[in-house]
Each structure stands twice: as structure tokens, then as C-alpha cells.
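Reading through the C-alpha cells given below for one structure.
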Ligand SMILES: [Zn+2]
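Residue numbers (the working numbering): 6 to 469.
Printed below as a string of C-alpha cells:
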């Protein structure tokens, strides 16, 4: 028998307050019951609200700046090529399970990003996350766990980490995969929560995120691409109900005294289109190519005239802007003394950028130094939310217009939004009902406080 408290977290990637608390509340009776019996509220995500680093920020109690991770891909140095993909070893601060492990407590993690490659040592059991390639030779710790999962599901490749190229697969196939992925992950989870003597359990399910990205415009009548009577009109309702069943059966298997949390890392909102960030920078004279491109080309494959370039951008759910600074970048063109002037000029221009109808898009721009207590690694010089995240950032150049309605890797119906969800029940003395002011980075310290452990070195704190 385990001694002391046990906390179980069910993470629903991209869980959105508007949908879970209001529009689709009727489809999620088990989650609604947990909310009614405990506390719940909107959860302010990090800047930027991106899966990696969001879960890591939640579980370490640190901002992206303190972790030096600003997205899936980060500049590893100030050269023009040095990009690295975030992985399980990128997190340089102790997570909840590290602090618990130091006290001799065991954790069971399933799908918590970044969870690939599997750790060499771990205080408990860990199954990889959506970053795990389908062909990965190893995906869990200890390795015996891989064999258990493969046998349980009837062979290699049956456990689905993520839907590969989900933006380019047929809609029927993607929807079927979303259901199968969730079903199989929860099947494995139900067995493991019963068999393994865990003190802390956490699962992150990606199905909701994939559903939102691919099917939002089939569901939301407010989306410009919505067509009434389309074949996927009830896909959200069907998936939410099925996911809620899985959550309900898993909650039933948890020990009676377990403290249970259902939460997300960020929300979602309808996406209107993409801003071709680098094409805009070229148009405005900040980015100069040695020769114009003839077709749509990834910016990394163009010949940039660095000596005459002031800034370049990167695509993604939000835009990352990098300045070309003398003494920092190899062929920097901005003198350090001019850095802040150039940066402020770009903030002004970006925030004034009009949309396709000529009215101001409502773009919000953040300087990392203003939003993080510390800025580690090579941060973007500006974090750009085009149309306050109604538009995503497209990195390629040579697009016919600055506005595109096809993202450079396939169409999306939704973009990430800055607010996720949090619900918790079973902690002694916790509040009940709707609670305001909850923040993602405070979740880790809150969980540790339930075990009587204080977090050190984090600026965030327990909200209990
Ligand atoms: Zn996410």
C-alpha cells in the first residue's frame, strides 16, 4: 500500500473553457461532475500557449524564459542554422516527479510532453509522448513496459503516440485515428493505474488538440468556413462524449482518497488564416533575399542577404521574430545601440498591421524580457500573436499574398489560445466552485504542496 497522498492528473491537451464549461458541457458529464464536486476555473496558459513548453512549465513551475524553451523548435545558438527540437532532456529544472522521486515517491507518466526519448533513469514508469516517432525503437521506461503495452494491444505500432501528418491525411482517417488513439491510451492507463504502485499519476491525451486543429470549422457555425449539414458536424460532440467516458472509467479505478485533477495546457480559438511573416518582412524591407524566389519556399532554403537583413521570422501558432544583431548573429546588421529602437519600430508596425479587409488585425507583440522573470537560451526578440492568435504565422516566402488561407503545412480550423482549464477535487481545505486567477505555472507547486513539499527556485507558487 502507498503511504501518504496520491495525486492523479488527467491532461487534456487543448482543453478549452468555452467548450468544456459551456458549449459542450452536456457531452462531458464525468468532467462536469468533478468540477461540481471540487474547484474549477480558467487556467492562464504561458506566453506562448504552445504544448512544448506548456506542460513542462506546468510541471516545473517555470516560465518558458526560465526554461529557455519557446516552442517545439528553438535556436540552440545565435547562428542562422542552429535549431534544436525540444526533447525530454531539454528541461533543465526539476519537475514534480523529480521532487517526488527525491522523497522516495514513484510516478506513473503516460504521454506527458516532452517525453521522448525515454529517460535512462526514472523514479517510476514513463510512457513516451506525442513526440515519439512511430518507428522509435524505445518509447518507455523501464523497457519491460514497452513489451507489456505491445502485448496488451496486440503488437508493435498499435499504441498511437500521435497522428502523423494529421494535416495531410483524409478527414475520415484522421477522425478514426483520434478515437483509436484516445481509446488505446486510456486502455493502457486503466491497467497501469491498477498494477503499478504509484504515488503520482499523470496522463496527457492529445486527441482533443488534433480534433480542434482539424475539425473546428466543421463544428463552429461562427467559423467562416463552416457549412451547415457537413459530414463532420457532430464530430466534436461524438469525440467529447467518448473522451469523457474514458475519463470517467479511469477516475473510477483511482483510489478513493486520490486527489484528482483534470486540466489542459492551453485552449483553442477559430483560426482565420495565416500571415506570411517573412513575405511581410521582405515587403517592409527588413528581410532581403539575394534573389527572389519563384515558388513558395521555406525561408531556411532561400539565399538571405544577411548583410542587408534586419529581421527574419519563423512560422507556427505564433510568430517568432529574430533580429540580426552585430556581435550576436554571424553577419549582424543592427548595432547593439540601435537594437531597442529597431525592436520598438517593429512592435509598432506589427501592431498596426491591417487584415485583408484593411482594418487593423489586432496583433499583439511581446518582448520576452517583459513577460518572463528570466530569459534563458536564445529567445525570439519578439513573440508575435497575429490578430491576437486568430491568425497563425507562416514562415515560407514567395506566397502570392501576405494573407493565406492555407497554412504552409495544410489547413487548420483552429489556433491555440491563451486560456486552458483546471478542475480539482479531493484536496483537504481546497476551494470549491468556480475559482478565478488560476495560472498554468502554479500547477506544479500546487501539486507538490499536496505532498507537503515546497518548490524551490520557481517564481510560481501553489494556489492553495
Ligand atoms: Zn497543447
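Ideal Cβ positions, reconstructed from N, Cα and C, are used throughout, including at glycine.
Taking residue i as the reference, which of the options has the closest Cα?
{"i": "residue 229", "options": "64, 382, 422 and 276", "result": "276"}
{"i": "residue 401", "options": "446, 338 and 317", "result": "317"}
{"i": "residue 344", "options": "433, 364 and 372", "result": "372"}
{"i": "residue 125", "options": "76, 113, 192 and 94", "result": "94"}
{"i": "residue 445", "options": "269, 437 and 11", "result": "269"}
{"i": "residue 70", "options": "417, 382, 436 and 392", "result": "382"}
{"i": "residue 222", "options": "232, 213 and 214", "result": "232"}
{"i": "residue 307", "options": "313, 315 and 298", "result": "298"}
{"i": "residue 333", "options": "256, 83 and 13", "result": "83"}
{"i": "residue 162", "options": "227, 143 and 177", "result": "143"}
{"i": "residue 178", "options": "319, 38 and 237", "result": "237"}
{"i": "residue 404", "options": "287, 424 and 355", "result": "287"}
For residue i, which residues of its own chain have a beta-carbon under 8 Å away from its beta-carbon, when the five flanking residues on both sides are left out?
{"i": "residue 309", "result": "85, 292, 293, 294, 295 and 317"}
{"i": "residue 145", "result": "123, 130, 131, 132, 133, 151 and 154"}
{"i": "residue 431", "result": "43, 262, 263, 264 and 265"}
{"i": "residue 331", "result": "337, 338, 339, 340 and 341"}
{"i": "residue 348", "result": "328, 372, 386 and 387"}
Keeping to the same chain, check which residues put their C-beta closer than 7 Å to that of residue i; ignore five residues upstream and five downstream.
{"i": "residue 46", "result": "427, 439, 440, 441 and 443"}
{"i": "residue 32", "result": "242, 245, 246 and 249"}
{"i": "residue 18", "result": "56, 209, 210, 211, 213, 214, 269 and 270"}
{"i": "residue 384", "result": "70, 75 and 373"}
{"i": "residue 521", "result": "Residue 521 lies beyond the stretch modelled for the chain, which goes from 6 to 469, so this question has no answer here."}
{"i": "residue 352", "result": "370 and 387"}
{"i": "residue 108", "result": "458"}
{"i": "residue 358", "result": "366 and 368"}
Measuring only from the beta carbon, is residue i closer than 7 Å to any heavy atom that is part of ligand 1?
{"i": "residue 59", "result": "yes"}
{"i": "residue 19", "result": "yes"}
{"i": "residue 271", "result": "yes"}
{"i": "residue 214", "result": "yes"}
{"i": "residue 56", "result": "yes"}
By Cβ distance, which residues of its chain are closer than 6 Å to residue i, with the 5 residues on each side in sequence left out?
{"i": "residue 460", "result": "66, 450 and 453"}
{"i": "residue 361", "result": "408"}
{"i": "residue 234", "result": "none"}
{"i": "residue 110", "result": "204"}
{"i": "residue 467", "result": "450, 451 and 454"}
{"i": "residue 120", "result": "93, 133 and 134"}
Return helix, strand or coil for residue i, following the three-state DSSP convention.
{"i": "residue 334", "result": "strand"}
{"i": "residue 274", "result": "strand"}
{"i": "residue 428", "result": "strand"}
{"i": "residue 210", "result": "strand"}
{"i": "residue 355", "result": "helix"}
{"i": "residue 243", "result": "helix"}
{"i": "residue 324", "result": "strand"}
{"i": "residue 203", "result": "coil"}
{"i": "residue 447", "result": "helix"}
{"i": "residue 281", "result": "strand"}
{"i": "residue 461", "result": "coil"}
{"i": "residue 390", "result": "strand"}
{"i": "residue 417", "result": "coil"}
{"i": "residue 112", "result": "strand"}
{"i": "residue 344", "result": "helix"}
{"i": "residue 422", "result": "strand"}
{"i": "residue 235", "result": "coil"}
{"i": "residue 252", "result": "helix"}
{"i": "residue 13", "result": "strand"}
{"i": "residue 106", "result": "helix"}
{"i": "residue 475", "result": "With the chain covering 6 to 469 only, the question about residue 475 has no answer from this structure."}
{"i": "residue 79", "result": "strand"}
{"i": "residue 59", "result": "helix"}
Indicate, with yes or no, if ligand 3 has a heavy atom lying under 7 Å from the CB of residue i.
{"i": "residue 191", "result": "Ligands in the displayed structure: ligand 1; ligand 3 is not one of them."}
Check whether the segment 279–295 touches the segment 318–326, taking contact to mean three or more Cβ pairs, one atom from each stretch, closer than 8 Å.
-> yes
If we count Cβ pairs, one from each stretch, closer than 8 Å, do we get three or more for the segment 295–304 versus the segment 51–58?
-> no
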